[in-house]
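**Student:** Numbering (this note's numbering), first residue to last: 1 to 266.
Where a beta carbon is used, it is the ideal one built from N, C-alpha and C, also for glycine.
Dumping the structure here so I can ask a few things about it.
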């Protein structure tokens, strides 16, 4: 009994395998025929379009001849009967040719419509996925109102003259609302460049990504919840790099600069 069952299972497996091979072969054959038919229809369509283009050119040429003949016919002297008859016969012949060409144009246009409908019918089906919304990973922050101010520290024993030197820079900015950016903890890198083009970084901070090294002054961490967000951060200055003049303040998201402004320290 067990041997009979095994033979039965083997037979069923064999039948299913043969059936699957037949289905795959038929599918391959149908797809090959569809591609061949589509290529043939494409060639026929191009040939018909070329014929149509040539006929249209001929039509325009004959139409031009007809217009010039009609104009010269109207200018003929009524007494020149032979000339009038000849001109009339010429115009009649041209009219007949124009009518034939117009019929040919109609036939070719109908042919093109048939080819197009057949081409669409026998085109192998493919799935097309349309991206409706921008991926959140591709969304970028929009920074506005980037402002920079110098900060001075006043002690009880410090004189007003000594208080002229700034010891920090306050950097504030606003992030616009963007529903394509996921909510959560975010971080930007603030880079302060002094008038001598030296980057101010008390702790010599760097960030590396894709073999690019970014030296920055401070990391600004904040919470973003897909609404307008104000962020402020204070950057400590290095005394030997704190000079009077023009400072450039850059704002980075990763290694990408997203905003920049100028701060004048006089």
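Assuming contact is defined by CB atoms lying nearer than 8 Å, are residue 141 and residue 181 in contact in what I supplied?
**Tutor:** Taking the first residue of the chain shown as position 1, residue 141 is located at position 141. Taking the first residue of the chain shown as position 1, residue 181 is located at position 181. Closer than 8 Å, so yes.
**Student:** May I ask you to verify whether the stretch 185-198 touches the stretch 226-242, counting CB pairs closer than 8 Å and requiring at least 3?
**Tutor:** Flag = yes, the stretch 185-198 and the stretch 226-242 touch.
**Student:** Taking its Cβ as the centre, do 16 or more other Cβ atoms sit within 10 Å of residue 225, making it buried, or is it exposed?
**Tutor:** By one-based count along the chain shown, residue 225 stands at place 225. Looking at its Cβ environment, which holds fewer than 16 other Cβ atoms inside 10 Å, residue 225 is exposed.
**Student:** Among the residues of its own chain, which have a CB less than 7 Å from the CB of residue 145, if the five just before and after it don't count?
**Tutor:** Residue numbering aside, residue 145 sits at position 145 when the chain shown is read from its first letter. Correct list, in chain order: 173 and 174.
**Student:** Locate the beta strand (DSSP E) running through residue 208, then write down its first and last residues.
**Tutor:** Counting from one through the chain shown, the residue named residue 208 turns up at place 208. Start and end: 205-209.
**Student:** Determine the burial state of residue 23: buried for a count of at least 16 other Cβ atoms within 10 Å of its Cβ, exposed for fewer.
**Tutor:** Numbered from its first residue, the chain shown carries residue 23 at position 23. With fewer than 16 Cβ atoms within 10 Å of its Cβ, residue 23 is classed as exposed.
**Student:** Buried or exposed, going by whether 16 or more other CB atoms sit within 10 Å of the CB of residue 31?
**Tutor:** Within the chain shown, the letter at position 31 stands for residue 31. Label assigned to residue 31: exposed.
**Student:** Quick check on residue 235: buried or exposed, where buried means 16 or more other Cβ atoms within 10 Å of its Cβ?
**Tutor:** Within the chain shown, numbered from 1, the residue matching residue 235 stands at position 235. Buried: at least 16 other Cβ atoms inside 10 Å.
**Student:** Write down every uninterrupted run of the beta strand (DSSP E) in the stretch 144-203 whose length is 3 residues or greater and which is fully enclosed by it, in chain order.
**Tutor:** Fully enclosed beta strand (DSSP E) runs of 3 or longer: 168-175 and 184-193.
**Student:** Work out the CA separation of residue 210 and residue 149 for me, nearest whole Å.
**Tutor:** The residue given as residue 149 occupies position 149 in the chain shown. The residue given as residue 210 occupies position 210 in the chain shown. The alpha-carbon atoms of residue 149 and residue 210 are separated by roughly 33 Å.
**Student:** Suppose contacts are defined by Cβ-Cβ distances below 8 Å. Is residue 190 in contact with residue 212 by that definition?
**Tutor:** Counting from 1 along the chain shown, the entry for residue 190 is found at position 190. Counting from 1 along the chain shown, the entry for residue 212 is found at position 212. The answer is no: Cβ separation not under 8 Å.
**Student:** Which residues in the same chain have their Cβ closer than 6 Å to the Cβ of residue 250, if we skip the five residues on either side of it in sequence?
**Tutor:** Residue mapping note: residue 250 aligns to position 250 of the chain shown, counting from 1. These residues qualify, in order along the chain: 191, 257 and 260.
**Student:** Classify residue 242 as helix, strand or coil using the three-state DSSP reduction.
**Tutor:** Within the chain shown, residue 242 is the residue found at index 242, counting from 1. Coil at residue 242, not helix or strand.
**Student:** Can you tell me the Cα-Cα spacing of residue 273 and residue 179, whole angstroms?
**Tutor:** Outside the displayed range of the chain (1 to 266) lies residue 273, so it cannot be described from this structure.
**Student:** Rounded to whole angstroms, what's the CA-CA distance from residue 229 to residue 117? Just pull it up for me.
**Tutor:** Position 229 of the chain shown, counting from 1, holds the residue named residue 229. Position 117 of the chain shown, counting from 1, holds the residue named residue 117. About 55 Å.
**Student:** With 16 other CB atoms within 10 Å as the buried threshold, where does residue 231 fall?
**Tutor:** The count along the chain shown starts at 1 and reaches residue 231 at position 231. Burial call: buried.
**Student:** For residue 235, report the span of its beta strand (DSSP E) as first-last.
**Tutor:** Residue mapping note: residue 235 aligns to position 235 of the chain shown, counting from 1. Segment 229-236, the beta strand (DSSP E) holding residue 235.
**Student:** Helix, strand or coil: how does DSSP classify residue 266 here?
**Tutor:** Looking up residue 266 in the chain shown gives position 266. DSSP places residue 266 in coil when its eight states are reduced to three.
**Student:** Which term fits residue 14, buried or exposed, when burial requires 16 or more other beta carbons within 10 angstroms of its beta carbon?
**Tutor:** The residue you call residue 14 lines up with position 14 of the chain shown. Result: exposed.
**Student:** Can you find the residues in the same chain that come closer than 7 Å, C-beta to C-beta, to residue 233, ignoring five residues on each side of it along the sequence?
**Tutor:** Looking up residue 233 in the chain shown gives position 233. The residues are 171, 190, 218 and 220.
**Student:** Applying the criterion that 16 or more other CB atoms from any shown protein chain within 10 Å of the CB defines a buried residue, is residue 188 buried or exposed?
**Tutor:** Within the chain shown, the letter at position 188 stands for residue 188. With 16 or more other Cβ atoms within 10 Å, it is buried.
**Student:** Quick check on this structure: which residue in 247, 201, 102 and 185 has the alpha carbon closest to the alpha carbon of residue 266?
**Tutor:** Residue numbering aside, residue 266 sits at position 266 when the chain shown is read from its first letter. Ranking 247, 201, 102 and 185 by Cα distance to residue 266 puts 247 first.
**Student:** Taking the alpha-carbon of residue 201 as reference, which of 169, 185 and 110 has the nearest alpha-carbon?
**Tutor:** Position 201 of the chain shown, counted from the start, is the residue given in the question as residue 201. Cα-wise, what sits closest to residue 201 is 169.
**Student:** To the nearest angstrom, how far is the alpha carbon of residue 135 from that of residue 177?
**Tutor:** As a working note, residue 135 is residue 135 in the chain shown. As a working note, residue 177 is residue 177 in the chain shown. Bear in mind that a pLDDT of 47 at residue 135, under 50, signals an unreliable position, so the number given afterwards is only what the model happens to contain. In a straight line, the C-alpha of residue 135 is about 16 Å away from that of residue 177.
**Student:** Using the three-state DSSP reduction, which class does residue 113 fall into: helix, strand or coil?
**Tutor:** Within the chain shown, the letter at position 113 stands for residue 113. It is helical.
**Student:** Exposed or buried, residue 99, counting other C-beta atoms within 10 Å across all chains shown (16 or more means buried)?
**Tutor:** Position 99 of the chain shown, counting from 1, holds the residue named residue 99. Counting Cβ neighbours within 10 Å, residue 99 comes out exposed, since fewer than 16 surround it.
**Student:** With DSSP as the reference, label residue 18 as helix, strand or coil.
**Tutor:** As a first step, residue 18 must be located in the chain shown, where it is residue number 18. Residue 18: helix per DSSP, three-state reduction.
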